[in-house]
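Trainee: Below you will find the structure I want to go over with you.
Chains as they are written, first to last, in the numbering used here: chain A, 12 to 124; chain B, 15 to 129.
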């Protein structure tokens, strides 16, 4: 059973389009995250939700809007895609109690042409 | 702000030998966690080992061990008896305290295993 899943795994689109990436976890965690890995492999946090509430919002353009309909889902919507948005986007989840290990999804490779 | 630095962009080692990957970090916090993640070509992020800052004993997981030097803010990963499957990007990461905290990653080290 997949613990943290993301759809799609690959996304190729034109500049200016709007796209969404979906994330689901079946671990019973209450916290979910979005990380971005750029072309140099550098990973950086974008957002985090705890119990559907936004708790981390790093310096990310307004074109990126996360949405958490429930604790098990965290989606990322991107408006007006730009070339610089090309990256791998990772979803992760953890519990807010105990050790809090973050489990990562398989990543979504976004290519903007 | 916390920062994590991996000064070795690439490392290589002969199969069955030992290699050490370096990591330093900067923080003013006293309660934190340190991690090493492995990212093979499949791009899946896999937790290799973790260290709680309050623990003096170095963490060990089978062939993987760390050298945690808290005063020097150093957290190196030693891989013993290297195997071809160890080839991957390795990321050092820091997390502040408990709860829903973000991971701060280093730049990564690409490890090549030579047969």
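Glycine included, every Cβ here is placed at the ideal spot set by N, Cα and C. Because the structure is a prediction, the values reported are computed rather than measured.
For a test of the three-state rule: what should DSSP assign to residue 54 of chain A, helix, strand or coil?
Mentor: strand
Trainee: So within the region 27 to 78 of chain B, which uninterrupted beta strand (DSSP E) runs reach at least 3 residues, ignoring any that extend past its ends?
Mentor: 33 to 35, 38 to 40, 46 to 53 and 60 to 66
Trainee: Who are the neighbours of residue 112 of chain A on chain B, taking C-beta pairs under 8 angstroms?
Mentor: What residue 112 of chain A touches in chain B: 61 and 64.
Trainee: Whose CA, out of A/77, A/108, A/123 and A/60, lies closest to the CA of residue 94 of chain A?
Mentor: A/123
Trainee: Rounded to a whole number of angstroms, what is the C-alpha to C-alpha distance between residue 71 of chain A and residue 89 of chain A?
Mentor: 11 angstroms
Trainee: How long is the line joining the alpha carbons of residue 116 of chain B and residue 115 of chain A, rounded to whole angstroms?
Mentor: 13 angstroms
Trainee: Could you tell me whether the Cβ of residue 6 of chain A comes closer than 8 angstroms to any Cβ of chain B?
Mentor: Absent from the structure is residue 6 of chain A, since the part of chain A shown begins at 12 and ends at 124.
Trainee: Exposed or buried, residue 95 of chain B, counting other C-beta atoms within 10 Å across all chains shown (16 or more means buried)?
Mentor: exposed
Trainee: For chain B, find out if any of its Cβ atoms is closer than 8 angstroms to the Cβ of residue 54 of chain A; answer yes or no.
Mentor: At least one chain B Cβ lies under 8 angstroms of residue 54 of chain A.
Trainee: Near residue 128 of chain B, which residues of its chain fall below 8 angstroms by C-beta distance, leaving aside the five closest residues on each side in sequence?
Mentor: 26, 27, 28 and 29
Trainee: Need the endpoints of the beta strand (DSSP E) that residue 73 of chain A sits in, please.
Mentor: First-last for residue 73 of chain A: undefined, no H or E at that position.
Trainee: According to DSSP, simplified to helix, strand and coil, what is residue 65 of chain A?
Mentor: strand
Trainee: Express the C-alpha separation of residue 62 of chain B and residue 52 of chain B in angstroms, rounding to a whole number.
Mentor: 6 angstroms
Trainee: Just to confirm my understanding: we take residue 88 of chain B, look at its own chain, exclude 5 residues before and 5 after, and list those with CB closer than 6 angstroms. What are they?
Mentor: 38
Trainee: Using a Cβ-Cβ distance under 8 angstroms, would residue 77 of chain B count as near chain A?
Mentor: no
Trainee: Taking CB distances under 8 angstroms as the criterion, tell me whether residue 99 of chain A reaches chain B.
Mentor: At least one chain B Cβ lies under 8 angstroms of residue 99 of chain A.
Trainee: To the nearest angstrom, how far is the alpha carbon of residue 68 of chain A from that of residue 58 of chain A?
Mentor: 5 angstroms
Trainee: Any C-beta of chain A sitting closer than 8 angstroms to the C-beta of residue 13 of chain B?
Mentor: Because chain B here runs from 15 to 129, residue 13 of chain B falls outside it and cannot be looked at.
Trainee: Report yes or no: is there a C-beta of chain A within less than 8 angstroms of the C-beta of residue 82 of chain B?
Mentor: no
Trainee: Measure the C-alpha to C-alpha separation of residue 60 of chain A and residue 73 of chain A and round it to an integer number of angstroms.
Mentor: Linking residue 60 of chain A to residue 73 of chain A through their CA atoms gives a straight-line distance of about 17 angstroms.
Trainee: When burial is assigned at 16 or more other CB atoms within 10 Å of the CB, is residue 113 of chain A buried or exposed?
Mentor: buried
Trainee: Can you look up residue 38 of chain A in the DSSP assignment and give me helix, strand or coil?
Mentor: coil
Trainee: Under 7 angstroms between beta-carbons, which chain C residues line up against residue 112 of chain B? List them in chain order, please.
Mentor: The question asks about chain C, but that chain is absent: this structure's protein chains are A and B.
Trainee: Go to residue 92 of chain B, then tell me how far its beta strand (DSSP E) extends in each direction, as first and last residue.
Mentor: Unbroken beta strand (DSSP E) run through residue 92 of chain B: 88 to 93.
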